[in-house]
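Okay, so the sequence shown: first residue is 8 according to our numbering, each after it adds one. Don't be surprised by glycine CBs; every beta carbon is placed ideally from N, CA and C. Bear in mind that the values here come from a model prediction, so they are computed numbers and not experimental data. Since the structure comes first, as structure tokens, the remarks are kept for the end.
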Amino acid sequence: GAGLSSFGLWMLLVGCGPDLPDPPEPVPDGSLYELTGSWTDQRGGNARLDVCFLNETVFSLIYTSCPVACPTLIQDTRRLRSELSEDAREHSRVLLVSLDPDRDGPQELGAIATAYGLEEDAWSLIVGTPDQTRAIGAALGVEFAKRADGEMDHTTLITLVDPEGVRVETAQG
């Protein structure tokens, strides 16, 4: 696709908390868009994983109270997205999925979008149920666990999917 080689240059991996075991292998084939269910976006509206259908999409799992890894991930994604050609930016989107449905709602996701100046036409932040969060984490190979203090240990992977929702590239440790 238009942005594939450019996205390949900026795939990265960061972690938050102590070392976790290697994440499970992502689902080998099929579309992420086959994962069903209604999600809620940063504006409080209903959203679906295929909100960016017909565009290459970068998926990543974050949580809004993450102290280090998630802010770094957002900043790096934003900076690197700005370095893409105009055509690549036009034909790609970023979808950030909350790892913490107990604490992240539209207000928290919206505050992150505002704080980082994330353009609504290019960035979507969504939250689902705990079951949906586990399903998307497993599909993307992201491992996460809530600690006793309420913070989360997680691997942070960036996954590029094609317009049909099929994984193209993933960075993992």
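Among the options, the one whose alpha carbon lies nearest that of residue i
| i | options | result |
| --- | --- | --- |
| Gly-144 | Ser-99, Val-75, Thr-84, Pro-108 | Pro-108 |
| Gln-49 | Pro-170, Pro-137, Ile-165, Val-58 | Val-58 |
| Ile-4 | Val-101, Ser-92, Arg-96 | Absent from the structure is residue 4, since the part of the chain shown begins at 8 and ends at 180. |
| Thr-177 | Glu-171, Pro-170, Thr-166 | Thr-166 |
| Gly-44 | Met-159, His-161, Pro-137 | Pro-137 |
| Ala-152 | Gly-51, Arg-88, Cys-73 | Cys-73 |
CB-CB length for residue i against residue j, believed under 8 Å
| i | j | result |
| --- | --- | --- |
| Leu-39 | Val-168 | 6 Å |
| Trp-46 | Val-173 | Not really, about 19 Å apart at Cβ, beyond 8 Å. |
For residue i, three-class secondary structure by DSSP
| i | result |
| --- | --- |
| Leu-104 | In the sequence under discussion, the amino acid at residue 104 is Val, which differs from the Leu named in the question. Val-104 falls in the strand class under three-state DSSP. |
| Arg-86 | helix |
| Glu-63 | strand |
| Glu-115 | helix |
Cα-Cα separation, residue i to residue j
| i | j | result |
| --- | --- | --- |
| Ala-120 | Leu-56 | 18 Å |
| Gly-157 | Val-104 | 18 Å |
| Leu-125 | Arg-85 | 8 Å |
Own chain residues within Cβ distance below 8 Å of residue i, not counting five before or after
| i | result |
| --- | --- |
| Thr-71 | Cys-77, Ser-105, Asp-107, Arg-110, Asp-111, Glu-115, Leu-116, Ala-118, Ile-119 |
| Asn-53 | Ser-45, Trp-46, Thr-47 |
Beta-carbon proximity list for residue i, same chain, < 6 Å, skipping 5 on both sides
| i | result |
| --- | --- |
| Ala-142 | Leu-42 |
| Glu-171 | Ser-38 |
| Ser-92 | none |
| Gln-139 | Gly-44 |
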